[in-house]
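Peer 1: Submitted below is the structure of interest, expressed as structure tokens.
2 protein chains.
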Amino acid sequence: MGRRSTTRRIGIADVALLAGVSHATVSRVMNGNFTVDATIAERVRAAAVELNYQPNPVGRSLALGKTDTIGIVVPDLSNPTFQAILRGLSMAAAQDGYRVLIADSSEVSSEEAILAGEARRRCDGLVLCAPRMSDAELEELAPSLHPMVLINRSTESTQAPSLMVDYGQGIQELAEHLVSLGHTRLAFLAGPARSASNGMRLNGLEKFSAAHPDIELQMLEGGSSFEAGHEAADKVIASGATAVLAFNDLVAMGLLSGLHEKGVRVPEDISVTGFDDIPFARYTTPPLTTAAVPITELGQQAWHSMRALIQQAETPATPSTFQPQLEVRGSTGPVKG
Amino acid sequence: MGRRSTTRRIGIADVALLAGVSHATVSRVMNGNFTVDATIAERVRAAAVELNYQPNPVGRSLALGKTDTIGIVVPDLSNPTFQAILRGLSMAAAQDGYRVLIADSSEVSSEEAILAGEARRRCDGLVLCAPRMSDAELEELAPSLHPMVLINRSTESTQAPSLMVDYGQGIQELAEHLVSLGHTRLAFLAGPARSASNGMRLNGLEKFSAAHPDIELQMLEGGSSFEAGHEAADKVIASGATAVLAFNDLVAMGLLSGLHEKGVRVPEDISVTGFDDIPFARYTTPPLTTAAVPITELGQQAWHSMRALIQQAETPATPSTFQPQLEVRGSTGPVKG
DNA sequence: ACGGACTGAGAAAACGCTTTCTCATAATTC
DNA sequence: GAATTATGAGAAAGCGTTTTCTCAGTCCGT
Chain A
1 MGRRSTTRRI GIADVALLAG VSHATVSRVM NGNFTVDATI AERVRAAAVE
51 LNYQPNPVGR SLALGKTDTI GIVVPDLSNP TFQAILRGLS MAAAQDGYRV
101 LIADSSEVSS EEAILAGEAR RRCDGLVLCA PRMSDAELEE LAPSLHPMVL
151 INRSTESTQA PSLMVDYGQG IQELAEHLVS LGHTRLAFLA GPARSASNGM
201 RLNGLEKFSA AHPDIELQML EGGSSFEAGH EAADKVIASG ATAVLAFNDL
251 VAMGLLSGLH EKGVRVPEDI SVTGFDDIPF ARYTTPPLTT AAVPITELGQ
301 QAWHSMRALI QQAETPATPS TFQPQLEVRG STGPVKG
Chain B
1 MGRRSTTRRI GIADVALLAG VSHATVSRVM NGNFTVDATI AERVRAAAVE
51 LNYQPNPVGR SLALGKTDTI GIVVPDLSNP TFQAILRGLS MAAAQDGYRV
101 LIADSSEVSS EEAILAGEAR RRCDGLVLCA PRMSDAELEE LAPSLHPMVL
151 INRSTESTQA PSLMVDYGQG IQELAEHLVS LGHTRLAFLA GPARSASNGM
201 RLNGLEKFSA AHPDIELQML EGGSSFEAGH EAADKVIASG ATAVLAFNDL
251 VAMGLLSGLH EKGVRVPEDI SVTGFDDIPF ARYTTPPLTT AAVPITELGQ
301 QAWHSMRALI QQAETPATPS TFQPQLEVRG STGPVKG
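Right, here's the structure in full:
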């Protein structure tokens with residue numbers, strides 16, 4: 001007890017005592033309220049620096065009703081895509097004096113709801129990347145999470161801004177690219193079944209198939225990780241497809257590695273495409289043809305939407321969509337003649 | 001005003017009112033204090049679920065003097081090494097019900113101190129990755145940041161636990177490996193001049209040189225990024241070295257790419273080594289020989305040290321060192337004969 | 001049946017700050 | 001010079017919890 005009081009962090013009261021004013025005045029000075037006499041203000045400031053006083057953020061938060069912190073929930077922090085979103089978000093938020101609290105749901109969709117709620121309560125807003133959560137649950141949760149911005153999801157009920165990547169369009173472009181190279185037997189190495197973005201890709205591919213009834217397109221079960229791609233090599237070879245659209249770059253890279261081990265040449269024997277254009281996609285062997293998503297920028301945009309939401313209670317609710325850009329590299333080539 | 005009161009989040013008072021008890025009792029029930037009658041407790045719990053009451057964490061934090069949050073400051077969130085530390089830390093902390101707040105100093109060392117202080121005040125502890133901060137500044141800052149665990153740094157004054165990677169040992173092993181392949185003209189593509197971990201590497205290389213007076217070892221200015229490595233290609237070629245030790249995997253990968261563009265073959269013409277063994281190091285062309293650091297595990301360990309620090313005021317102060325492990329892959333080979 | 005030891009819950013203080021309310025004192029006006 | 005208005009700072013009321021303090025009401029032994 002005695003010990004503890006010695007170590008106690010210095011608070012507004014200590015400054016007030018030293019400066020010989022009330023703590024209200026100290027607060028006024030610290031917050032740049034000009035209704036305080038210049039002489040006294042200076043005295044307070046001097047006392048503050050002498051004691052190296054720094055306002056306790058928790059006390060401030062309670063009084064002000066804001067934490068200057070936003071939360072982000074991601075399904076997997078080891079995924080470069082979410083790392084990039086986090087980075088873009090964090091950097092942009094920092095410029096406005098906000099910090100970010102992270103919550104990794106480890107791909108466990110049942111955790112997403114709880115984590116989201118917890119994070120939200122600690123923060124002024126929430127950026128939600130919850131690809132596995134069901135639409136129903138998201139819809140139910142949304143109101144209690146406001147202000148919130150969604151990544152690659154949208155809700156009916158709330159007007160939460162949502163930032164979407166047009167995966168459907170991107171995958172169509174990739175497929176068209178393969179067709180232009182002469183491929184007629186394609187395979188899609190799908191992502192997690194319940195993933196929202198996988199659904200968007202499937203929609204895109206449906207449109208593609210409708211436009212190209214002559215092109216064969218097989219659906220192969222995959223996943224979202226490097227390992228999933230690696231393990232799918234046999235399946236891909238067995239499919240007889242000459243070109244495969246992987247769920248994302250990670251899967252594509254795993255597949256590249258798996259195919260290499262089996263002695264299958266890319267792109268001579270099989271062409272492979274990824275999705276996302278993660279930083280390392282251009283350095284694989286061969287460099288990966290992919291659909292580039294300006295993902296860091298998306299993270300940045302997420303902050304801007306969030307900021308708008310926090311500042312004005314009125315929601316602009318701009319559901320902006322990011323168009324992926326076809327990035328042709330070495331992993332795709334003319335069909336084996 | 002009227003509006004606002006309608007929207008107000010429900011608090012402990014609402015539950016108390018509905019259950020017909022004092023808010024103190026609600027608090028007791030919520031915190032599993034058993035000195036409350038079972039009947040009443042049940043009534044309170046019912047009221048809580050009916051109102052969907054969730055205690056306000058800020059209020060709790062103020063009362064309890066803890067936030068259940070730890071901060072981490074990293075110099076660059078786009079660096080896979082820090083991403084991995086963050087991930088290991090975040091996952092481990094989550095298991096104990098802690099969250100992590102991130103602060104990215106964007107490699108600006110002057111920001112590190114401020115960010116660290118800010119983050120620390122909002123959290124129960126701080127994990128500090130501040131490679132650019134001067135020893136003096138770190139020493140001065142340390143006391144005010146406690147509890148804190150350091151990554152790849154150490155202090156004299158405080159007994160802050162520090163988790164170190166033995167870069168000196170690792171780089172020596174890499175150099176020895178190159179020598180064993182017959183190389184006699186080596187170059188070190190250094191990291192940022194003021195980086196602490198770069199210093200450790202230099203110390204290791206000094207020892208190496210002392211043990212191998214016959215081996216030529218040039219020092220080349222580099223950096224810590226992919227781009228730095230890429231740009232250094234010309235310099236490396238001009239140096240006449242047959243093997244180059246890059247500061248880290250990122251630099252090595254950039255160099256690989258740069259050398260490839262110039263038509264220099266790796267490892268036939270020049271051998272290249274990295275450091276860290278980031279996830280993609282094994283998938284470069286050729287796969288990168290490197291010194292593997294169990295970096296996610298280090299993040300985990302950082303949490304364990306932090307937890308010990310938070311729980312018992314007494315510090316175990318275990319300055320643990322992680323030994324990198326030589327990972328020989330395709331980017332190194334016998335010297336050109 | 002009466003005093004002492006328990007139980008259990010409300011009242012109130014504490015956490016560290018911001019902000020409204022209030023009221024001296026000083027500055028202005030007629 | 002008295003009345004009015006600025007000006008500026010302290011007192012106090014929050015913000016939403018936890019926790020100590022207090023004190024009714026019970027239960028027990030004698």
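Line by line, the protein sequences are chains A and B. Under the working numbering, the residue at position 286 of the first sequence is numbered 286, and the numbers go up by one with no gaps. Under the working numbering, the residue at position 107 of the second sequence is numbered 107, and the numbers go up by one with no gaps. We put the beta carbon where it would ideally sit given N, CA and C, even for glycine.
Report the residue from 25/A, 336/A, 27/A and 54/A whose alpha carbon sits nearest the alpha carbon of residue 184/A.
Peer 2: Minimum Cα distance to residue 184/A is reached at 336/A.
Peer 1: Along the stretch 94-108 of chain B, what residues have a CB closer than 8 Å to any CB found in chain A?
Peer 2: Within the stretch 94-108 of chain B, the qualifying residues are 94, 99, 100, 101, 102, 103, 104 and 106.
Peer 1: I need the boundaries of the beta strand (DSSP E) containing residue 181/B, first residue and last residue.
Peer 2: From DSSP, residue 181/B is part of no beta strand (DSSP E); its letter is neither H nor E.
Peer 1: Can you pull the chain B residues whose beta carbon is under 9 Å from the beta carbon of residue 56/A, in chain order?
Peer 2: Neighbours of residue 56/A on chain B, chain order: 62 and 121.
Peer 1: If we ignore side chains and look at the alpha-carbon of each, how far apart do residue 240/A and residue 194/A end up?
Peer 2: Each residue's Cα considered, the two are about 26 Å apart.
Peer 1: Using the Cα positions of residue 93/A and residue 109/A, report the straight-line distance between them to the nearest angstrom.
Peer 2: The alpha-carbon atoms of residue 93/A and residue 109/A are separated by roughly 26 Å.
Peer 1: Leaving out the 5 sequence neighbours to the left and right, which residues in its chain are closer than 8 Å to residue 4/A when beta-carbon positions are compared?
Peer 2: Any reading at residue 4/A is ruled out, since the residue's pLDDT is 36, under 50, leaving its predicted position unreliable.
Peer 1: Can you give the Cα-Cα distance for residue 253/B and residue 61/B, rounded to whole angstroms?
Peer 2: One C-alpha to the other measures close to 45 Å.
Peer 1: Which of the three DSSP states, helix, strand or coil, is assigned to residue 321/B?
Peer 2: Three-state DSSP puts residue 321/B in a strand.
Peer 1: Measure the C-alpha to C-alpha separation of residue 67/A and residue 9/B and round it to an integer number of angstroms.
Peer 2: Their backbone Cα atoms lie some 16 Å apart in a straight line.
Peer 1: Our contact map puts residue 90/B next to residue 102/A with C-beta atoms below 8 Å; I'd like the distance itself, whole angstroms only.
Peer 2: Confirmed, Cβ separation roughly 6 Å.
Peer 1: Could you give the residue range of the alpha helix (DSSP H) that holds residue 13/B?
Peer 2: Segment 12-19, the alpha helix (DSSP H) holding residue 13/B.
Peer 1: Using DSSP bridges, identify the partner residues of residue 219/B.
Peer 2: Bridge partners of residue 219/B: 188/B.
Peer 1: How about residue 116/B and residue 74/B: do their beta carbons lie closer than 8 Å?
Peer 2: No.
Peer 1: What residues of chain B sit near residue 77/A, judged by a beta carbon separation below 9 Å?
Peer 2: 83, 86, 87, 90 and 91, listed in chain order.
Peer 1: When you compare the CB of residue 290/B with every CB in chain A, is at least one pair closer than 8 Å?
Peer 2: No - not a single Cβ of chain A is within 8 Å of the one on residue 290/B.
Peer 1: Does the structure place the stretch 123-131 of chain A close enough to the stretch 306-313 of chain A that three or more beta carbon pairs sit under 8 Å?
Peer 2: Counting Cβ pairs under 8 Å, three or more are found: they touch.
Peer 1: Given the structure, does residue 128/B come close to the ligand GDP, in the sense that its CB is under 7 Å from one of the ligand's heavy atoms?
Peer 2: No copy of the ligand GDP occurs in the structure displayed, which carries no ligand at all.
Peer 1: Is the shortest distance between the beta-carbon of residue 12/B and the beta-carbons of chain A less than 8 Å?
Peer 2: Residue 12/B does not count as touching chain A.
Peer 1: Scan the stretch 148-168 of chain B for residues whose Cβ lies nearer than 7 Å to a Cβ of chain A and list them as they occur along the chain.
Peer 2: From the stretch 148-168 of chain B, no residue has a Cβ closer than 7 Å to chain A.
Peer 1: Using DSSP's beta-bridge definition, name the partner residues of residue 165/B.
Peer 2: Looking at the DSSP assignment, residue 165/B forms a beta bridge with 322/B.
Peer 1: Using a beta-carbon distance below 8 Å, is residue 253/A in contact with chain B?
Peer 2: Yes, contact with chain B.
Peer 1: Using 10 angstroms around the beta-carbon of residue 233/B, count the other beta-carbons present and answer buried if the total reaches 16, otherwise exposed.
Peer 2: So residue 233/B counts as buried.
Peer 1: Helix, strand or coil: which one does DSSP assign to residue 150/A?
Peer 2: Reduced to three states, the DSSP call for residue 150/A is strand.
Peer 1: So who's on the other strand from residue 119/B, going by DSSP bridges?
Peer 2: Bridge partners of residue 119/B: none, in fact.
Peer 1: Using a beta-carbon distance below 8 Å, is residue 53/B in contact with chain A?
Peer 2: Chain A, which has no Cβ nearer than 8 Å to the Cβ of residue 53/B, makes this no.
Peer 1: Look at the alpha carbon of residue 95/A and the alpha carbon of residue 222/B, and state the distance between them as a whole number of angstroms.
Peer 2: If you take the alpha carbons of residue 95/A and residue 222/B, they lie about 29 Å apart.
Peer 1: Cβ of residue 257/B less than 8 Å from any chain A Cβ?
Peer 2: Yes, its Cβ sits closer than 8 Å to a Cβ of chain A.
Peer 1: Which residues does DSSP pair with residue 73/A in a beta bridge?
Peer 2: 103/A and 128/A, per the DSSP bridge assignment.
Peer 1: Let me check understanding here. Comparing Cα to Cα, which of 87/A, 99/A, 100/A and 140/A lies closest to residue 113/A?
Peer 2: Closest by alpha carbon: 140/A.
Peer 1: For my contact list, residue 292/A and residue 327/A are in at a C-beta cut-off of 8 Å; report their separation, rounded to the angstrom.
Peer 2: Contact holds; Cβ gap of about 5 Å.
Peer 1: For residue 174/B versus residue 81/B, is the C-beta spacing smaller than 8 Å?
Peer 2: Taking 8 Å as the Cβ cut-off, residue 174/B and residue 81/B do not qualify as a contacting pair.
Peer 1: Using the rule of at least 16 other Cβ atoms within 10 Å of the residue's Cβ for burial, across every protein chain shown, is residue 20/A buried or exposed?
Peer 2: By the neighbour-count rule (16 or more Cβ atoms within 10 Å), residue 20/A is not buried but exposed.
Peer 1: Please state whether the Cβ-Cβ distance between residue 53/A and residue 15/A is less than 8 Å.
Peer 2: Cβ distance < 8 Å, so residue 53/A and residue 15/A count as in contact.
Peer 1: Whole angstroms is fine: what's the gap from residue 192/B's alpha carbon to residue 224/B's?
Peer 2: Roughly 6 Å separates the two Cα atoms.
Peer 1: For a quick check, are the C-beta atoms of residue 286/A and residue 266/A less than 8 Å apart?
Peer 2: Yes, Cβ-Cβ distance for residue 286/A and residue 266/A is below 8 Å.
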